[in-house]
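K.L.:
Structure in structure tokens, see below.
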Amino acid sequence: MSTSPAAAGEPFAIAEQAAEALVTRLGARPEVALVLGSGWRPAADALGEADAECPVAELPGFVAPTVPGHQGAVRSVRVDGRQVLVLLGRSHFYESRSPAQVVHAVRTAVIAGAGVVVLTNAAGAVNPVLRPGEVVLVRDHLNLTGASPLSGGEPPPPYRSPFVDLTDLYASALRRTARTVDPSLAEGVYAALPGPHYETPAEIAMLRAAGADLVGMSTALEAIAARHLGALVLGLSLVTNLAAGVSPGPLDHAEVLAAGAAAVPRLGRLLAALLPLLSPG
Ligand code: HPA
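In the numbering used here, the protein residues as written are 346 to 626.
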């Protein structure tokens, strides 16, 4: 997918084709889209049996994820009367994907009908009061990827101007709904870095001073793209580790994955209770 001005509409056109293929393949139009990031994927099974599932390779513009634990498939599940599109895995900036490719799944889901997008991720705790295993509601983000899914010129009609307002990007109404399910959920600011390396202790100290509570390598670009298309966004971070310098020892990707695995039953219960309550307005 090119992002040259002449091709500004190309990512939207491909997402439209993918949305049509998705609705045909799954036989349902999504109301809510759920992106399952690192650690969250096995929680998909707690949502109930899939009505239909499709490998992303069969949908226009999708590229299968390369990261272990990220499966390239989409699934349609009815959760307590709400039609949920579950995206099992995501594409990351650090897989040499363009911003347009990173947000393609979310764009496809919103164009297909999803008015709410739930973005889950694994994150390091920059704020030392947060604990591994804890789920935190994303209140806002610092996009430090240096990229935007909306660069490249005006999107074609009917899409809005790329100068989209992000004041309530992670919708306060959805965060309130989430706290009715679990009042103990903390809120935090998520700093999105390009990765794939973890941060230095000096970078984490800088992020803390800048107001970050969490650090990770995803979510921000997808949130911007979803909001641009008018969807409401909920961000859920699973704290898998204390960030560099906050942690007494070095960071280990296997430990990050293990912390995710330990939290799975709780993540599944949270999502199953929450998804039916999320509504676009
Ligand atoms: N840093 C960046 N990304 C992460 C981390 C971290 O400490 N933990 C999980 N994803």
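Quick reminder that beta carbons are idealized off the backbone N, C-alpha and C, glycines included.
(1) DSSP three-state call for residue 467: helix, strand or coil?
(2) For residue 462 and residue 455, I'd like the C-alpha separation in whole angstroms.
(3) Does the segment 503-522 come close enough to the segment 415-434 that 3 or more CB-CB pairs lie under 8 Å?
(4) Does residue 384 come out as helix, strand or coil in the three-state DSSP assignment?
(5) Let me check you understand the geometry: is the CB of residue 543 closer than 7 Å to at least one non-hydrogen atom of the ligand HPA?
(6) At a cut-off of 7 Å, is residue 586 close to the ligand HPA when judged by its beta-carbon and the heavy atoms of the ligand?
(7) On the criterion of 16 or more Cβ atoms from any shown chain inside 10 Å, does residue 626 qualify as buried, or is it exposed?
(8) For residue 533, name the three-state secondary structure that DSSP assigns.
(9) In the structure shown, what three-state DSSP assignment does residue 615 receive?
(10) Please go through the same chain and pick out, in chain order, the residues whose beta-carbon is closer than 7 Å to the beta-carbon of residue 350, but skip the five residues on each side of it.
(11) Please look up how many angstroms separate the CB atoms of residue 602 and residue 586, rounded, as I've assumed it's under 8 Å.
(12) Could you spell out where the beta strand (DSSP E) holding residue 486 opens and where it closes?
(13) Leaving aside the five residues before and after residue 370 along the sequence, list all residues of the same chain whose C-beta is less than 6 Å from its C-beta, in chain order.
(14) Take residue 526 as the anchor and find which of 433, 452 and 618 has the nearest alpha-carbon.
(15) Based on the DSSP secondary-structure assignment, which residues constitute the bridge partners of residue 493?
(16) Rounded to the nearest angstrom, what separates residue 608 and residue 374 at their Cα positions?
(17) Could you spell out the range, first to last residue, of the alpha helix (DSSP H) harbouring residue 552?
(18) CB residue 434 to CB residue 561, shorter than 8 Å?
(19) According to DSSP, is residue 589 helix, strand or coil?
(20) Do residue 377 and residue 581 have their CB atoms nearer than 8 Å?
(21) Check residue 580 in the structure and name its three-state DSSP category.
P.N.:
Looking at the coordinates:
(1) As a first step, residue 467 is located in the sequence shown; it is residue number 122 there, counting from the start. In the structure shown, the three-state DSSP call for residue 467 is strand.
(2) Translated into positions along the sequence shown, residue 462 becomes position 117. Translated into positions along the sequence shown, residue 455 becomes position 110. Each residue's CA atom was taken as its position, placing residue 462 and residue 455 some 8 Å apart.
(3) The segment 415-434 makes no contact with the segment 503-522: fewer than 3 CB pairs, one atom from each, lie closer than 8 Å.
(4) Your numbering for residue 384 matches position 39 in the sequence shown. The answer is coil: DSSP assigns residue 384 none of H, G, I, E or B.
(5) Within the sequence shown, residue 543 is the residue found at index 198, counting from 1. In this structure, residue 543 has its CB closer than 7 Å to one or more heavy atoms of the ligand HPA.
(6) Taking the first residue of the sequence shown as 1, we reach residue 586 at position 241. At least one heavy atom of the ligand HPA lies less than 7 Å from the C-beta of residue 586.
(7) The residue you call residue 626 lines up with position 281 of the sequence shown. Around the beta carbon of residue 626, fewer than 16 other beta carbons sit within 10 angstroms, so the residue counts as exposed.
(8) Taking the sequence shown and counting its residues from 1, the one referred to as residue 533 is at position 188. If DSSP states are grouped into helix, strand and coil, residue 533 belongs with the strands.
(9) For the purposes of this step, residue 615 is taken as residue 270 along the sequence shown, with counting starting at 1. Judged by DSSP in its simplified three-state form, residue 615 adopts helix.
(10) Reading the sequence shown from its first residue, position 5 is the one you call residue 350. With a pLDDT of 40 at residue 350, under the threshold of 50, the modelled position of this residue cannot be trusted; read the value that follows with caution. Cβ within range, chain order: 497 and 498.
(11) Mapped onto the sequence shown, residue 602 falls at position 257. Mapped onto the sequence shown, residue 586 falls at position 241. The beta carbons of residue 602 and residue 586 sit about 10 Å from each other, so the pair does not count as a contact at 8 Å.
(12) For the purposes of this step, residue 486 is taken as residue 141 along the sequence shown, with counting starting at 1. 480-488 is the span of the beta strand (DSSP E), which, as asked, contains residue 486.
(13) Position 25 of the sequence shown, counting from 1, holds the residue named residue 370. Here the set comprises 399.
(14) If you number the sequence shown from 1, residue 526 lands on position 181. Out of 433, 452 and 618, 618 has the C-alpha closest to the C-alpha of residue 526.
(15) The sequence position of residue 493 within the sequence shown is 148, counting from 1. Looking at the DSSP output, residue 493 shares a beta bridge with no other residue.
(16) Along the sequence shown, one-based indexing puts residue 608 at 263. Along the sequence shown, one-based indexing puts residue 374 at 29. Computed Cα separation, rounded: 30 Å.
(17) As a working note, residue 552 is residue 207 in the sequence shown. Membership of residue 552 in the alpha helix (DSSP H) is indicated by the continuous run 546-554.
(18) Here the question's residue 434 lines up with position 89 in the sequence shown. Here the question's residue 561 lines up with position 216 in the sequence shown. No, the Cβ-Cβ distance between residue 434 and residue 561 is not below 8 Å.
(19) Stepping through the sequence shown from its first residue, residue 589 is reached at position 244. In the displayed model, residue 589 falls within coil according to three-state DSSP, outside both helix and strand.
(20) If you number the sequence shown from 1, residue 377 lands on position 32. If you number the sequence shown from 1, residue 581 lands on position 236. Residue 581 is positioned such that its CB atom lies no closer than 8 Å to that of residue 377.
(21) Indexing the sequence shown from 1 puts residue 580 at position 235. Reduced to three states, the DSSP call for residue 580 is strand.
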